[in-house]
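**Student:** What follows is a structure written as structure tokens; I'll ask about it next.
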Amino acid sequence: MNMNHHLKDASGFSMVELMVVLVIIGILVLLALPRLEPVVSKAKETEAKLMLKQVYTLEKSYKYENDVYSNSLSDIGFEQDSLVTEGGRARYRISIVSADANNFVAEATAVVDFNGNGRFNVWIVDQTGDIKEKVPD
Numbered sequence: 004m005n006m007n008h009h010l011k012d013a014s015g016f017s018m019v020e021l022m023v024v025l026v027i028i029g030i031l032v033l034l035a036l037p038r039l040e041p042v043v044s045k046a047k048e049t050e051a052k053l054m055l056k057q058v059y060t061l062e063k064s065y066k067y068e069n070d071v072y073s074n075s076l077s078d079i080g081f082e083q084d085s086l087v088t089e090g091g092r093a094r095y096r097i098s099i100v101s102a103d104a105n106n107f108v109a110e111a112t113a114v115v116d117f118n119g120n121g122r123f124n125v126w127i128v129d130q131t132g133d134i135k136e137k138v139p140d
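Just so you know, we're using our numbering here: the sequence shown kicks off at 4 and counts up by one.
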């Protein structure tokens, strides 16, 4: 049996057919992206909220032990994950804006402009535990 004869009889997709399918898939993806953007943004906001909740809990513990809130993340035991701008996975930089005997404010500032509008998302938490969006993205 001749091998070339056997290969010619094999049916398959032509390059044009494959390209048409890829173009159709691309168009469907482009149609779906605007609807998925709020879901993606919500997931990224959750990262900020979780980190600020952790800072709040650590600040409360520090206050119970020392009768004052701390200005230092290391004093309360918070370790910032490596940021995406540094090859890590965290999208928010955590900082303590102010702290004294009765109050504190911590902030989560995005290091990535999620929607490309030039604004970087900022969330805050204070001694009450209320987490609020300070600057929407």
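Using N, Cα and C, we set each Cβ at its ideal position, and we do this for glycine too.
(1) Does DSSP classify T112 as helix, strand or coil?
(2) At the level of alpha carbons, what is the spacing between V100 and I30?
(3) Whole angstroms are fine: how far does the CA of V71 sit from the CA of A93?
(4) For the beta strand (DSSP E) that S98 lies in, which residues bound it at each end?
(5) Between L55 and A111, is the Cβ-Cβ spacing less than 7 angstroms?
(6) K135: which of V32, L21 and L53 sits nearest, CA to CA?
(7) When DSSP labels each residue in this structure, what does D70 get in the three-state scheme?
(8) Enumerate in chain order the residues of its own chain whose CB-to-CB distance from D116 is below 8 angstroms, with the five nearest sequence positions on each side excluded.
(9) Does DSSP put D129 in a helix, in a strand, or in coil?
(10) From V58, L86 and G90, pick the residue whose C-alpha is nearest to that of I79; which is it?
(11) So, at 6 angstroms on beta carbons, what are the nonlocal neighbours of S98 in its own chain, with the 5 sequence-adjacent residues on each side left out?
(12) Buried or exposed for A46, going by 16 or more other Cβ atoms inside 10 Å?
**Tutor:** The answer reads as follows:
(1) Position 109 of the sequence shown, counting from 1, holds the residue named residue 112. In this structure, T112 counts as strand in the three-state DSSP scheme.
(2) Working through the sequence shown from its first residue, we reach residue 100 at position 97. Working through the sequence shown from its first residue, we reach residue 30 at position 27. Distance between the alpha carbons of V100 and I30 is about 45 angstroms.
(3) For this step, residue 93 is matched to residue 90 along the sequence shown. For this step, residue 71 is matched to residue 68 along the sequence shown. Straight through space, the alpha carbons of V71 and A93 are spaced by roughly 28 angstroms.
(4) Your numbering for residue 98 matches position 95 in the sequence shown. First-last of the beta strand (DSSP E) with S98: Y95 to A102.
(5) Along the sequence shown, one-based indexing puts residue 55 at 52. Along the sequence shown, one-based indexing puts residue 111 at 108. A contact, by the Cβ cut-off of 7 angstroms.
(6) For the purposes of this step, residue 135 is taken as residue 132 along the sequence shown, with counting starting at 1. Out of V32, L21 and L53, L53 has the C-alpha closest to the C-alpha of K135.
(7) The residue labelled residue 70 in the question sits at position 67 within the sequence shown. For D70, the three-state secondary structure derived from DSSP is coil.
(8) Reading the sequence shown from its first residue, position 113 is the one you call residue 116. Correct list, in chain order: R122, F123 and D140.
(9) Looking up residue 129 in the sequence shown gives position 126. Three-state result, D129: strand.
(10) On the sequence shown, position 76 is the one that residue 79 refers to. When the alpha-carbon of I79 is set against those of V58, L86 and G90, the nearest one is in V58.
(11) Residue mapping note: residue 98 aligns to position 95 of the sequence shown, counting from 1. Cβ neighbours of S98 beyond the five flanking positions: E110.
(12) Numbered from its first residue, the sequence shown carries residue 46 at position 43. Exposed: under 16 other Cβ atoms inside 10 Å.
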